[in-house]
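Residue numbers (the numbering used here), protein chains in the order written: chain B, 1 to 150; chain F, 1001 to 1150.
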């Protein structure tokens, strides 16, 4: 999809991403560096742990979900970073070979009063697995270029 | 440090992590997979971007900060995952060669009413750079094993 400017994002706008599979290798490699808890890096120990098997780091699920949104292309040329996340909830574990997709909805928008060449879009991301179960939800505050900045 | 059980974490308890350096290579490698925005993966394009140079993905800063907490050892044997994050704020950019450390403080604690073998500790993480500037803050809701589970 084409890049969208701040003005183009209406409250209530939604977009669905393509699904993407999570692999065991990726879970382990990510976790070794960014979340080295036993149930993310060691299959044998994970069996005795709180999830009964290996699960994805929630931080990895977060990065994958953002990347799914980014890959739609809508903020490719207009995204200027983000200033925060609210109410992130890990609802169900994500297992190796799960396939995740994300639905994004614009909840609010506000042009920056200090610098009106950009504005915040506040979006809800809902992450589903292949059984249409919600595994994670998170609210993001993205900074998006305004048309007036051109 | 020794693993701490739910009962051992008092409201107001704080712990400071060791500092850890962030490298350019790590910023780019992480971002290629989990946050492929230009200003995280391409030095030349980053110069023309909102930060004027390459910066760490906020998701990577988050994973590093959690890992710093994990490496203190206090939840090594007692951590049972987390159910959410609140009020994450990216306050200043993190640049290559910055050195980050995290201060963790217990804000609240609550034994699970459904399953009293564990409880939530709600913690504030404050991430500082080498100039003692706050680059990020986040509140986490960690599940911790209770002594009664033994």
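Every residue, glycine too, gets a C-beta built ideally from N, C-alpha and C. Please read all numbers here as calculations on a predicted model, not as lab measurements.
| request: Report yes if the CB atom of residue 1123 (chain F) is closer than 8 Å to the CB atom of residue 1142 (chain F), and no otherwise. | output: yes
| request: Could you tell me how far apart the beta carbons of residue 79 (chain B) and residue 144 (chain B) are, in whole angstroms, since I believe they sit closer than 8 Å? | output: 6 Å
| field | Classification of residue 61 (chain B) by the beta-carbon crowding that lies within 10 angstroms, buried from 16 upward | value | buried
| query | Considering only the beta carbon of each residue, do residue 94 (chain B) and residue 129 (chain B) sit closer than 8 Å? | reply | Going by C-beta atoms, residue 94 (chain B) is nearer than 8 Å to residue 129 (chain B).
| field | Interface positions of the segment 1072–1091 of chain F facing chain B (Cβ-Cβ less than 7 Å), listed along the chain | value | 1079, 1080, 1081, 1082, 1083, 1084, 1085, 1086, 1087, 1088, 1089 and 1090
| request: Below 8 Å on the Cβ atoms is my guess for residue 1100 (chain F) versus residue 1022 (chain F); work out the distance and round it to an integer in Å. | output: 6 Å
| By a C-beta neighbour count over all protein chains shown, 10 Å radius and 16 as the cutoff for buried, is residue 107 (chain B) buried or exposed? | exposed
| message | For a contact defined as C-beta to C-beta under 8 Å, what are the partners of residue 6 (chain B) on chain F? | response | None at all; the shortest Cβ gap to chain F is about 13 Å.
| said: If the cut-off is 7 Å on Cβ atoms, which residues from the segment 123–144 of chain B count as contacting chain F, listed in chain order? | reply: Against chain F - using a Cβ distance shorter than 7 Å - the segment 123–144 of chain B contributes no residues.
| request: Drop a sphere of 10 angstroms on the beta-carbon of residue 97 (chain B), count the other beta-carbons inside from all chains shown, and report buried for 16 or more, exposed for fewer. | output: exposed
| said: Given this structure, state the Cα-to-Cα distance separating residue 3 (chain B) from residue 75 (chain B), to the nearest angstrom. | reply: 5 Å
| query | Shorter than 8 Å from the beta carbon of residue 48 (chain B) to some beta carbon of chain F? | reply | no
| said: Is there a Cβ of chain F sitting closer than 8 Å to that of residue 35 (chain B), yes or no? | reply: yes
| field | When B:13, B:120, B:115 and B:84 are compared against residue 1138 (chain F), the one with the closest alpha-carbon | value | B:84
| task | Using a Cβ cut-off of 8 Å (strictly closer), state whether residue 1062 (chain F) contacts chain B. | result | yes
| query | Using a Cβ-Cβ distance under 8 Å, would residue 117 (chain B) count as near chain F? | reply | Answer no: the Cβ-Cβ gap between residue 117 (chain B) and chain F never drops below 8 Å.
| In chain B, what lies closer than 8 Å to residue 1066 (chain F) by C-beta? | 34, 35 and 59
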